[in-house]
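In terms of full-length UniProt numbering, the sequence shown opens at residue 1 and continues consecutively. Structure first, then comments.
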Amino acid sequence: MITLNPLRWGKQYESLEFNDVVHFDTGEPIARVGTVGGGIVTRDLLKAHLAREALLAVPTEELIAMSKKAAELFEHATLTVGDSQQSVDDFVHQQSASTGLPEHMCRSNMAKNSFVLSRMDEILQCLTRGLDLSILSKGYGDEGRGVTVSYQAQTPILGAILPNNSPGVHTLWLPAIALQIGLALKPGSQEPWTPYRMVSAFMEAGVPAAAFGLYPGGHDAGGAIMTKAPRSMIFGSAQTVAQHSGNPRVQAHGPGFSKILLGDDIVDDWEMYLDVMVESVLSNSGRSCINCSGIWASRHTREIAAAIAEKIGPVGVLPPGDSNAQLAAFTVPAMATGTWAMVEQDLAENGVTDMTAEYGEKLIEREHCAYLRPMVVHANSHERAVAAKEYMFPFVSVVECPQAQMLRHIGPTLVGTVITSDESFITAASRCVDIDRLNVGPLPTNRLNWLQPHEGNIIEFLFRNRAYQIAPMPVAASSS
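Below you can see the structure in the form of structure tokens.
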């Protein structure tokens with residue numbers, strides 16, 4: 001059984017306490033993870049400046065090249081992870097076993113993380129709008145038009161409290177290394193695999209080990225990172241996002257409430273876009289913030305809901321190694337039963353109809369885990385409570401709403417796909433501050449262009465644009 005030890009700025013730490021990572025279905029231990037407390041994290045973060053200094057000693061272009069090499073290693077190589085040699089198949093089996101994700105989804109998320117690393121030069125060029133990256137390293141420089149610009153790093157390291165539910169979110173912290181910002185990561189208790197393997201790949205590619213801290217532990221370890229790191233990311237619920245709202249030190253990521261809006265000009269031909277809607281709802285077992293939780297149209301909503309239900313309603317539970325598996329397990333059964341109780345409350349409201357009722361039981365309970373099978377509900381108005389809900393399984397509400405009222409009522413929307421050729425509707429959607437990522441046309445909500453910012457630009461989060469003026473010093477008069 002593999003043992004994963006904390007990493008304290010590149011050095012393995014022998015923990016006194018360990019937590020088991022268990023198989024989601026059998027409950028059998030599959031890994032031991034050494035833990036640290038908040039005190040150790042606090043002491044280590046006093047030396048965070050050394051992580052940045054180690055990275056500043058390596059030119060940015062070399063770190064980008066190392067990132068590309070790390071991408072190849074992460075996706076294809078056997079790496080030293082913890083006290084073991086981990087092959088790609090080992091990684092996939094371990095991640096699936098602890099998270100309940102089907103193995104093909106683990107491979108897909110692995111490829112997504114690798115893709116971001118392999119295109120790091122292009123991604124940074126887009127996120128910085130073509131800025132010479134040496135300006136970020138030096139702190140100032142000429143951007144090419146005879147004007148001095150300055151970008152000041154606001155932190156030596158990026159802290160991150162990582163989640164258990166979706167390995168794809170790790171793409172958000174990957175650019176830090178190429179930006180010469182160290183990492184202090186608290187791995188998810190059920191998904192330590194991605195951060196451990198990624199850090200191993202970075203170090204194997206030549207990135208200084210002193211840039212990395214891995215701190216498995218309890219809430220006190222996470223709290224220390226959030227308190228002591230000048231910039232940190234956290235992944236959680238809507239309550240987590242609300243808790244950190246307005247705090248410039250924290251980038252909080254939560255539910256996406258992503259949606260598809262069908263314009264009046266194309267809604268009569270909704271069948272043309274059925275595959276886009278189904279993919280947006282079902283991909284990655286509906287676990288991602290970019291999965292579609294609401295489809296809004298002014299008419300044909302019952303027919304649309306019935307057609308989606310016919311596609312995804314029959315989806316059942318398959319073994320995680322089956323390439324046709326579409327559902328991930330809830331590794332904590334109480335989360336599934338609690339979610340189902342909330343769904344039942346939604347269904348009790350007048351005007352809400354379960355369009356997947358004919359496809360059998362939705363809650364599947366087992367000894368150590370549970371599943372929720374796909375659901376499509378119809379809401380006859382945006383005023384129905386379910387129109388603003390998002391759940392951690394393939395669940396979508398199809399909402400009847402006049403086009404003229406949609407943008408006023410959709411609420412926070414991480415990805416908004418607006419399918420229309422109506423220029424006035426496109427303009428209104430472009431101006432809608434509730435939509436973070438706007439897709440115009442038949443683009444599934446789950447297909448992201450990583451050359452564009454996601455939930456905030458990491459450059460703007462880690463660096464501050466400030467004034468920087470330079471005047472020549474007078475030459476001292478020589479003494480006769």
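The beta carbon of each residue, even a glycine, is placed where N, CA and C say it ideally should be. None of these values were measured; they are calculated from a predicted model.
Residue i - DSSP class collapsed to helix/strand/coil
{"i": "Ala-31", "result": "strand"}
{"i": "Thr-155", "result": "coil"}
{"i": "Ile-123", "result": "helix"}
{"i": "Tyr-140", "result": "strand"}
{"i": "Gly-321", "result": "coil"}
{"i": "Arg-129", "result": "coil"}
{"i": "Met-473", "result": "coil"}
{"i": "Ala-242", "result": "helix"}
{"i": "Lys-389", "result": "coil"}
{"i": "His-23", "result": "coil"}
{"i": "Met-375", "result": "strand"}
{"i": "Asp-83", "result": "coil"}
{"i": "Asp-275", "result": "helix"}
{"i": "Ile-2", "result": "strand"}
{"i": "Val-92", "result": "helix"}
{"i": "Leu-56", "result": "helix"}
{"i": "Leu-448", "result": "coil"}
{"i": "Asn-457", "result": "coil"}
{"i": "Thr-78", "result": "coil"}
{"i": "Ala-97", "result": "helix"}
{"i": "Ile-266", "result": "coil"}
{"i": "Ser-288", "result": "coil"}
{"i": "Glu-103", "result": "helix"}
{"i": "Arg-302", "result": "helix"}
Assigned exposure category for residue i - 16 Cβ within 10 Å defines buried
{"i": "Asp-346", "result": "buried"}
{"i": "His-219", "result": "exposed"}
{"i": "His-49", "result": "exposed"}
{"i": "Pro-102", "result": "buried"}
{"i": "His-378", "result": "buried"}
{"i": "Gln-85", "result": "exposed"}
{"i": "Ala-471", "result": "exposed"}
{"i": "Glu-191", "result": "buried"}
{"i": "Lys-69", "result": "buried"}
{"i": "Val-475", "result": "exposed"}
{"i": "Met-355", "result": "buried"}
{"i": "Gln-95", "result": "buried"}
{"i": "Asn-109", "result": "buried"}
{"i": "Ser-15", "result": "buried"}
{"i": "His-76", "result": "exposed"}
{"i": "Lys-362", "result": "buried"}
{"i": "residue 488", "result": "The shown model of the chain, from 1 to 480, leaves out residue 488, and the question about it has no answer."}
{"i": "Met-342", "result": "exposed"}
{"i": "Ser-232", "result": "buried"}
{"i": "Thr-194", "result": "buried"}
Contact belief for residue i with residue j at Cβ below 8 Å, rounded distance in angstroms
{"i": "Met-226", "j": "Val-250", "result": "7 Å"}
{"i": "Leu-414", "j": "Arg-437", "result": "6 Å"}
{"i": "Gly-256", "j": "Ile-290", "result": "6 Å"}
{"i": "Tyr-371", "j": "Phe-425", "result": "Not confirmed; about 38 Å, so no contact."}
{"i": "Ile-308", "j": "Val-281", "result": "7 Å"}
{"i": "Phe-463", "j": "Leu-136", "result": "6 Å"}
{"i": "Ala-385", "j": "Glu-349", "result": "6 Å"}
{"i": "Ala-97", "j": "His-23", "result": "5 Å"}
{"i": "Ile-410", "j": "Trp-296", "result": "7 Å"}
In DSSP terms, what residue i is bridged to
{"i": "Lys-11", "result": "Arg-8"}
{"i": "Gln-251", "result": "Met-233"}
{"i": "Ala-370", "result": "Phe-330, Glu-365"}
{"i": "Lys-47", "result": "Beta-bridge pairing links Lys-47 to no other residue."}
{"i": "residue 568", "result": "No information on residue 568 is available, as it lies outside the stretch 1 to 480 that the chain covers here."}
{"i": "Gly-294", "result": "Lys-259, Ser-397"}
{"i": "Trp-161", "result": "The sequence shown places Ile at residue 161, rather than the Trp named in the question. Paired residues: Lys-186, Ile-234."}
{"i": "residue 524", "result": "The question about residue 524 has no answer here: the residues shown for the chain are numbered 1 through 480."}
{"i": "Asp-354", "result": "Val-377"}
{"i": "Val-440", "result": "Val-418"}
Residue i beta carbon near the ligand NAD (any heavy atom closer than 7 Å)
{"i": "Val-399", "result": "Absent from the structure shown: the ligand NAD. Ligands present: none."}
- Which ranges would you report for the alpha helix (DSSP H) in the segment 163 to 222 if only whole runs of at least 4 residues count? The segment 163 to 222 contains these whole alpha helix (DSSP H) runs: 193 to 204.
- Item | Ordered list of beta strand (DSSP E) runs contained in the segment 380 to 438, each at least 3 residues | If we require 3 residues or more, the beta strand (DSSP E) runs fully inside the segment 380 to 438 come out as 395 to 400, 413 to 419.
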